[in-house]
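Report on one structure; see the data block that follows.
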Amino acid sequence: MTEEQFRRHVRQLAALRGWALAYHTHNSRRSDAGWPDEVYGHPKANRILFAELKTNTGRIRPAQRDWLRHLAACGLETALWRPRDLGLIVATLAPNGPRAHLPHDL
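Residue numbers (UniProt numbering): 1 to 106.
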């Protein structure tokens, strides 16, 4: 599965779970380096989620790591997800699901 295929799949799961707003930077060459791939909003659950999506072997760049850590330190819900995390993704995207957390080794 490519990163783009994975991104589309996660976005579809989010929509099915009631995440009403999703944002993706389509041309990252004109954006600040490292901004997360997706931002989801769920007004009824009062949640906003910043997600960086990678393939199972994809590497996270330093600027991506910095943004995720910064957003998490500000108290925002952040995630680094890979296709192997699908069960966790489905659970997290439930309106009353667990909050997303960054991996300890990030």
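Ideal placement from N, C-alpha and C gives every residue a C-beta, glycine not left out. Keep in mind the model is a prediction, meaning the values are calculated, not measured.
Practice task
Return the CA-CA distance between Pro-36 and Ala-79, expressed in angstroms with no decimal places.
Solution key: 9 angstroms
Problem - C-beta contact flag for Val-10 and Ile-89 at 8 angstroms - result: yes
Exercise for the section: Quick one: using the 10 Å Cβ neighbour count with 16 as the cut-off for buried, is Ala-63 buried or exposed? Expected result: exposed
Handout entry: Distance between Gly-58 and Arg-82 (C-alpha atoms, nearest Å)
Key = 8 angstroms
Handout entry: Alpha-carbon spacing of Lys-54 relative to Ala-20, whole angstroms
Key = 23 angstroms
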